[in-house]
Amino acid sequence: MRETEKAAKQQEAEAAKAAKQQEAEAAKAAKKQQAEAAEAAKTAKQQEAEAAKAAKKQQAEAAEAAKTAKQQEAEAAKAAKKQQAEAAEADKSAKRQQAEAVKAAAKKQEDAAKKQKAEAAKAAKKQKAEAAKKAGPIPKRKVAPGGNPGSDQNKKSKAR
Numbered sequence: 001m002r003e004t005e006k007a008a009k010q011q012e013a014e015a016a017k018a019a020k021q022q023e024a025e026a027a028k029a030a031k032k033q034q035a036e037a038a039e040a041a042k043t044a045k046q047q048e049a050e051a052a053k054a055a056k057k058q059q060a061e062a063a064e065a066a067k068t069a070k071q072q073e074a075e076a077a078k079a080a081k082k083q084q085a086e087a088a089e090a091d092k093s094a095k096r097q098q099a100e101a102v103k104a105a106a107k108k109q110e111d112a113a114k115k116q117k118a119e120a121a122k123a124a125k126k127q128k129a130e131a132a133k134k135a136g137p138i139p140k141r142k143v144a145p146g147g148n149p150g151s152d153q154n155k156k157s158k159a160r
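Below, the structure is given as structure tokens:
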């Protein structure tokens, strides 16, 4: 019986040893799994943070692009408005210059006409003077007795 007791004790000790070993292995495996789970959670958290960071960066870039586009649009509108104003000013200036040119041409023509008229009058006066010189002295008109030298009556009597 001693041997059976001894064998039972030995079996018990071996069983306890095996159980202890299994428990240690299970604890080791559980610890390893826990470490792996913690590492996976850490990695997932890190990836999530990176994704959030990338999304934030993209959002900022999109906002900057929108801002730039809006700014460029505003500058283009401003430039177009400026060009339109310059074109209107150039048109106005051209019209003004045209009006001034027409006015100057009309004045020049008018001055030339006045000069021509004055020269013609001068020439006519000169011709008249020369004709009078050639004709000699103007004879005195005969006036009817008691008549008026400037009246029509005098002219009628002369015509008779």
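Be aware that the sequence shown starts at 1, since it is given in the UniProt record's numbering, and climbs by one per residue.
Where is the CB? At the ideal position from N, CA and C, for every residue including glycine.
Close Cβ partners of residue i (< 6 Å) along its chain, the five nearest in sequence each way excluded
| i | result |
| --- | --- |
| K122 | none |
| E36 | none |
Residues near residue i in its chain [Cβ-Cβ closer than 7 Å; skip 5 each side]
| i | result |
| --- | --- |
| A79 | none |
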